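In this note's numbering, the protein residues as written are 1350 to 1710.
Cβ coordinates follow ideal geometry from the N, Cα and C atoms, glycine included.
The structure displayed is predicted, hence computed values, not measured ones.
Reading through the structure tokens given below for one structure.
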Ligand code: GDP
Ligand code: MN
């Protein structure tokens, strides 16, 4: 899970990484209370999960007296289509130089990989290709509690020595927070010292429970149930229920429904190797949505066996119409079971989706 900048900065601060003074606001007027603490100029940063936020208009600079007006503008804007619900207002730092720092997991060596670049702020890929000498890397064995000083010296080169403890502290954040990525771009130097001007932190989803991070607190009962079964499930507003296996196939099914001018009620990806019981749970779950009139089951059999899927559908015994498209392992056996129980099985997903759209008309 990717944290928002202000959430990541909170964790950075707790580990002793300096960040600019700032406050988080949800309404422009709130800022009046805080402006006196933030100096004559501020930076307003939309807290949206969008890459290239600055270039997309999500970062605005303002003089203190214009800040509330600027905040209103930013709250009214959408950044790459994402509405702005929170703004981080920070003192504007007098930046001398921008560096790049990140720590990720290097799959090849199964160790942490630290990247430091002398030019930050811009795309790191660009720096890497234009000035490969400006990017330095080090891998570190995750059993080490600290980044060894010789590695820190090698990483920072001629950059200011104050950066070394920041690297070490970011390493602590990564280890303690089960992060897959921690990035500071830019890490800036100012007359007042080194600061993380931006912050990115991605926590391993498998560690969210251990980290005490609860996502989607306002889940519906059905969404919680879907989570318990390990389905990827999203509720939408339409009347055609959708069950697929694999995110790609399920999305393609939604796209086709849209294409034939129908409205999907949900996205449900049962995952790979869906057995009979999982299918039954999925069908009942989707059928439980009050607006669902018909359900499209679009599954590719591989590890998943079509006859098991067919049994699972029959077992669910729901009142709505179920239109099935199964292809692959034991397809004929599946078709037979469905036919015997009066279910409609079609050969292509186009046919299945068209039939579903017809059914709700
Ligand atoms: P991103 O576009 O989401 O990566 O947003 P950043 O937080 O990295 O900000 C983009 C750019 O805005 C940075 O590279 C800086 O050049 C500039 N910027 C951000 N904060 C400050 C600040 O406090 N002072 C100054 N002078 N520039 C800033
Ligand atoms: Mn940035």
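Taking the CA atoms as reference points, residue 1641 sits about 44 Å from residue 1523. Distances between the C-beta of residue 1369 and the heavy atoms of ligand 2 are all 8 Å or more. In the three-state DSSP reduction, residue 1444 falls in the coil class, being neither helix nor strand.
The straight-line gap separating the alpha-carbon atoms of residue 1636 and residue 1374 is approximately 41 Å. Here residue 1460 is bridged, per DSSP, to 1455. Around the C-beta of residue 1404, fewer than 16 other C-beta atoms lie within 10 Å, and the residue is accordingly described as exposed. Residue 1354: member of the alpha helix (DSSP H) spanning 1354-1363, first to last residue. At a cut-off of 3 residues, the continuous stretches assigned as beta strand (DSSP E) that sit fully inside the stretch 1371-1423 are 1371-1374, 1390-1395 and 1408-1412. Residue 1573 sits exposed, since fewer than 16 C-beta atoms from the chains shown fall within 10 Å of its C-beta. By DSSP's assignment, residue 1538 forms a beta bridge with 1446 and 1543. Within the stretch 1640-1685, the complete alpha helix (DSSP H) segments of 4 residues or longer fall at 1655-1665, listed in chain order.
Where residue 1590 is concerned, the enclosing beta strand (DSSP E) starts and stops at 1589-1593. In terms of CA proximity to residue 1677, 1622 leads the group 1465, 1538, 1422 and 1622.
The beta carbon of residue 1439 sits closer than 6 Å to those of 1369, 1371 and 1392, all from its chain and outside the five residues before and after it, given in chain order. Bridge pairing for residue 1465: 1450 and 1485 [DSSP]. For residue 1499, the secondary structure class from DSSP, reduced to helix, strand or coil, is helix. Where residue 1550 is concerned, the enclosing beta strand (DSSP E) starts and stops at 1549-1552. Taking 8 Å as the cut-off, one finds no heavy atom of ligand 2 near enough to the beta carbon of residue 1407. Between residue 1460 and residue 1433, the C-beta spacing is not below 9 Å. The shortest CA-to-CA distance from residue 1650 to any of 1466, 1390, 1447 and 1619 is the one to 1619. DSSP places residue 1582 inside the beta strand (DSSP E), whose first and last residues are 1581-1584.
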